[in-house]
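Asks: Numbering-wise, the sequence shown is residues 42 to 242 according to the working numbering. Where is the CB? At the ideal position from N, CA and C, for every residue including glycine. This structure is a prediction, so every number in the text was calculated from the model and none was measured. Below is a structure I'd like to ask you about.
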Amino acid sequence: MGFPLFILSLLSITVGYLTRDFFIGFGTDFWGSSIFMLPGNYVLRDIEFISLFYKLLPLIVTLLGASFAYYVYSFGLNHFFLIKKTALFRSFYNFLSRKWYFDRIYSQFIGQASLNVSYHFAYKDVDRGIIEKFGPWGIVNTVSDTYSNLKTLQGGVLYRYLFLFLFFIYVILFSYFFLTILINNLGLNLILFGIFITFFI
């Protein structure tokens with residue numbers, strides 16, 4: 042998996058270098074002052090004049106650490122195991138491995154508290170509460186309850202249908218006259234009367 046990614050990275054760097062003029066313009070100094078250093082802070086020239094020991098120190102420490110790890114896990118594993126069984130090493134290991142219980146304090150008092158708040162408030166009250174009550178679940182329940190209530194009005198008896206029909210006609214006429222009193226315009230009154238007569242009677 043690493044080799045194809047390495048090839049892709051080399052190809053992307055090469056294509057980016059060859060097509061840079063398409064993106065930033067031909068011969069522009071677009072990146073000229075993007076990384077600016079004061080001349081007094083420019084220490085790259087000072088790196089050339091430090092001693093050879095400090096230049097090779099990271100390599101020396103890396104090789105010494107790799108050699109020590111190889112020796113311990115190949116030849117000195119029994120001796121290292123005896124050191125691990127001592128009380129001093131165990132207390133030192135427990136002190137460093139528990140990290141002074143900072144992770145437990147964080148997870149118990151901050152992480153778990155934020156998880157509880159997000160579950161009980163954001164998920165149960167908001168997502169499953171407000172949004173579902175006023176969203177799809179609430180609309181479905183409202184339509185279902187309204188349909189059940191309207192279904193009880195249909196009893197199959199003629200006088201009940203006539204009563205509902207006349208009741209809604211009176212409601213429509215009352216709303217028409219109420220609107221005409223509010224608006225108090227004769228031309229608009231005739232238009233509203235025509236709309237009510239056309240659609241509701």
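Using DSSP with H/G/I as helix, E/B as strand and the rest coil, what is Lys165?
Replies: The residue given as residue 165 occupies position 124 in the sequence shown. Correct three-state label for Lys165: helix.
Asks: Quick one: Cα of Thr127 to Cα of Arg169, how far?
Replies: Position 86 of the sequence shown, counting from 1, holds the residue named residue 127. Position 128 of the sequence shown, counting from 1, holds the residue named residue 169. When rounded, the distance between both Cα atoms is 56 Å.
Asks: If Phe116 sits next to Ile124, beta carbons under 8 Å apart, how far is it from one beta carbon to the other, in whole angstroms?
Replies: On the sequence shown, position 75 is the one that residue 116 refers to. On the sequence shown, position 83 is the one that residue 124 refers to. Not a contact, Cβ separation roughly 14 Å.
Asks: Going by the beta-carbon positions, is the gap between Leu205 and Leu194 smaller than 9 Å?
Replies: Along the sequence shown, read from residue 1 onward, the residue named residue 205 stands at position 164. Along the sequence shown, read from residue 1 onward, the residue named residue 194 stands at position 153. Yes, the pair counts as a contact, with Cβ atoms nearer than the cut-off.
Asks: Could you tell me whether any Cβ in chain B is nearer than 9 Å to the Cβ of Ser159?
Replies: Structure shown: chain B not included; a single protein chain is present.
Asks: Can you name the start and end residues of the alpha helix (DSSP H) that Ile91 belongs to?
Replies: By 1-based counting over the sequence shown, the position of residue 91 is 50. No alpha helix (DSSP H) holds Ile91; DSSP gives it neither H nor E.
Asks: May I ask you to report which of helix, strand or coil DSSP gives Trp72?
Replies: The residue labelled residue 72 in the question sits at position 31 within the sequence shown. Three-state DSSP puts Trp72 in coil, outside helix and strand.
Asks: Could you spell out where the alpha helix (DSSP H) holding Tyr188 opens and where it closes?
Replies: To locate residue 188, count along the sequence shown from 1; it is residue 147. Per DSSP, Tyr188 belongs to the alpha helix (DSSP H) from Pro177 to Leu194.
Asks: Pull up the distance between the alpha-carbon of Asp144 and that of Arg61, whole angstroms please.
Replies: As a first step, residue 144 must be located in the sequence shown, where it is residue number 103. As a first step, residue 61 must be located in the sequence shown, where it is residue number 20. The alpha-carbon atoms of Asp144 and Arg61 are separated by roughly 47 Å.
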